[in-house]
Each structure stands twice: as structure tokens, then as C-alpha cells.
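In what follows, a structure is listed as C-alpha cells, so that the remarks can point back to it.
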Amino acid sequence: MLRLKLDKLLFDRRLNANQLSKLTGIRYPTILDMEANKSKAWSPENLNRIMIALDLDSVEELIEYVKEESTNSPGN
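Just so we're aligned: the sequence shown equals residues 1 to 76 in full-length UniProt numbering.
Next comes the structure, spelled out in C-alpha cells:
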């Protein structure tokens, strides 16, 4: 599954969701959902705004792939 590393990025930069919202123009509740990885989809425009605001050089700094463990048992 893909997930955002926004919580760590904000912590490392000593920023909070409200500050990032003001820097990017993205709604505060949207930033909160993205920070908590509750969003099911991210708009390319919002990702771009975040990358610019946080001065990121690569999308890999913002998004990571985490392999999900299978919940299927052998008998299913």
C-alpha cells in the first residue's frame, strides 16, 4: 500500500498541519487526513503543493510503499 510520510516530514520541519495548510492553500481537514493516512486518494495538485512547500526534490521523500501482510488463510 502507498502511504504518505507527511507526519514525519512535518515533525522533522517543526511544522503542524495548520501551518502546512496556510503554506499550500490546501484545506486544513484535508491536510489532517493526509497526515493520518486516512485519505484514499491524493490529487496530483495537492501533492505538488506539498512538495513545493516542504522543498522536496523527489516524490519518494513524500510517498512510500509498505507491503501489506496477507489476511487470507491457506484454507480460504
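Glycine included, every Cβ here is placed at the ideal spot set by N, Cα and C. Only a predicted model underlies this, so the values are computations on that prediction, with no experimental measurement involved.
A Cβ-Cβ separation of about 18 Å leaves Ala-17 out of contact with Glu-45 under the 8 Å criterion. In this structure Leu-9 does not touch Asn-37 by the C-beta definition: roughly 13 Å separates them, more than the 8 Å allowed. Inter-residue distance for Gly-25 and Arg-13 is about 18 Å (C-alpha atoms, whole angstroms). In this structure, DSSP gives Leu-2 an extended state, which the three-state scheme calls strand.
Counting other Cβ atoms within 10 Å of its Cβ, Ile-50 reaches 16 or more and is therefore classed as buried.
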